[in-house]
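Asker: After the structure tokens below, expect a handful of questions from me.
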Amino acid sequence: MAILLPTLFRPSHADLDAGARAQTVAPSSATSLAARLNWLRAGVLGANDGIVSVAAIVVGVAGAGGSTPAIVAAGTAGLVGGAISMALGEYVSVSSQSDSQRAMITKQKRKLHDNPAGELAALATLYEERGLAPATARQVALELTQKDVLKAHLSAELNIVEEDVANPWHAAAASALAFTLGAILPMLAILLLPEAIRVPVTFVAVLVALAATGALGAGLGGSRILRATVRVVLGGAAALGVTWLVGTLLGVAVF
4 MAILLPTLFR PSHADLDAGA RAQTVAPSSA TSLAARLNWL RAGVLGANDG
54 IVSVAAIVVG VAGAGGSTPA IVAAGTAGLV GGAISMALGE YVSVSSQSDS
104 QRAMITKQKR KLHDNPAGEL AALATLYEER GLAPATARQV ALELTQKDVL
154 KAHLSAELNI VEEDVANPWH AAAASALAFT LGAILPMLAI LLLPEAIRVP
204 VTFVAVLVAL AATGALGAGL GGSRILRATV RVVLGGAAAL GVTWLVGTLL
254 GVAVF
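Take a look at the structure:
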């Protein structure tokens with residue numbers, strides 16, 4: 004987190020030291036917060052996928068005139084298959100990322116072991132490039148090295164917090180759970196409502212849920228909430244409308 008100083012303010016050495024410490028602590032905290040927000044945003048997107056995917060399946064089968072057991076079978080198959088697919092995709096993605104991060108951590112450990120003085124000088128140079136005076140940069144690098152040398156270098160040079168390296172198994176489980184929770188809504192809506200109103204009410208329930216997840220995802224990502232929400236709702240409405248129409252046409256043609 005950069006510290007902005009008014010142009011008319013001339014800082015003392017004490018101010019520079021305090022600012023330097025704030026700059027060295029902030030990246031680690033920001034990285035940790037960003038990691039948590041990414042997890043939450045991934046959960047929101049997983050739930051969004053579950054809502055749209057399973058809603059499209061059950062609405063399509065209902066449009067084809069499928070019986071309640073057929074809707075249950077199709078929806079359950081979509082839920083299970085989608086959750087597994089999401090989990091596998093997340094596992095592969097996070098495994099690749101964590102493998103890369105762990106390789107960089109191992110490399111940094113080796114560099115610190117082989118050339119500690121050179122790494123200290125490199126860290127001081129890095130803080131000089133960020134605007135600190137040479138003496139202040141050297142002092143900051145030295146103090147951070149004495150506290151936790153690996154953490155200091157990982158945070159400043161690679162923007163990595165070792166404790167935040169994601170576990171692919173946890174990511175896979177979280178993705179599958181998010182998809183499942185999202186898929187439960189259209190399943191319950193289509194199954195618990197009377198046949199005469201279950202499709203339109205499911206449409207409404209799904210679009211409201213998509214609006215909520217779209218707004219939450221946009222808020223976490225820092226984008227415009229209204230635009231993102233409208234985009235998600237329109238996409239969900241199109242998916243439901245197309246699958247219902249296809250199901251209805253197939254129902255008329257086949258049955």
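Counting in our numbering, the sequence shown runs from 4 upward without gaps.
Cβ coordinates follow ideal geometry from the N, Cα and C atoms, glycine included.
What residue range is occupied by the uninterrupted alpha helix (DSSP H) comprising residue 87?
Answerer: In the sequence shown, the residue the question calls residue 87 occupies position 84. Note, residue 87: alpha helix (DSSP H), 71–117.
Asker: What's the gap between the Cα of residue 73 and the Cα of residue 212?
Answerer: Looking up residue 73 in the sequence shown gives position 70. Looking up residue 212 in the sequence shown gives position 209. Approximately 24 Å, taken between the alpha carbons.
Asker: Using only the alpha-carbon positions, how far apart do residue 207 and residue 156 sit?
Answerer: One-based indexing of the sequence shown puts residue 207 at position 204. One-based indexing of the sequence shown puts residue 156 at position 153. Spanning the two alpha carbons is a distance of roughly 52 Å.
Asker: Would you check if there are 3 or more beta carbon pairs closer than 8 Å linking the segment 184–203 to the segment 121–139?
Answerer: No, the segment 184–203 is not in contact with the segment 121–139.
Asker: Quick one, which of 122, 161, 163, 164 has its alpha-carbon nearest residue 144's?
Answerer: The count along the sequence shown starts at 1 and reaches residue 144 at position 141. If we check each option's Cα against that of residue 144, 122 comes out closest.
Asker: Hey, out of 183, 163, 172, whose CA is closest to residue 105's CA?
Answerer: Start at 1 with the first residue of the sequence shown, and residue 105 comes out as number 102. Selected option, being the one with the closest Cα: 163.
Asker: So, is residue 92 buried or exposed, given that buried needs 16 or more other C-beta atoms within 10 angstroms?
Answerer: The residue labelled residue 92 in the question sits at position 89 within the sequence shown. Per the 10 Å Cβ criterion, exposed.
Asker: Taking just the CA atoms, how far does residue 81 sit from residue 248?
Answerer: Residue mapping note: residue 248 aligns to position 245 of the sequence shown, counting from 1. Residue mapping note: residue 81 aligns to position 78 of the sequence shown, counting from 1. Each residue's Cα considered, the two are about 19 Å apart.
Asker: Sort 103, 205, 172 by Cα distance to residue 189 and report the nearest one.
Answerer: Against the sequence shown, residue 189 aligns to sequence position 186. Measuring from the Cα of residue 189, the nearest candidate turns out to be 205.
Asker: Using a Cβ distance threshold of 8 Å, determine whether the segment 170–188 contacts the segment 94–102, with at least three qualifying pairs required.
Answerer: yes
Asker: Using the rule of at least 16 other Cβ atoms within 10 Å of the residue's Cβ for burial, across every protein chain shown, is residue 71 buried or exposed?
Answerer: As a working mapping, residue 71 is identified with position 68 in the sequence shown. Its Cβ having fewer than 16 others within 10 Å, residue 71 is exposed.
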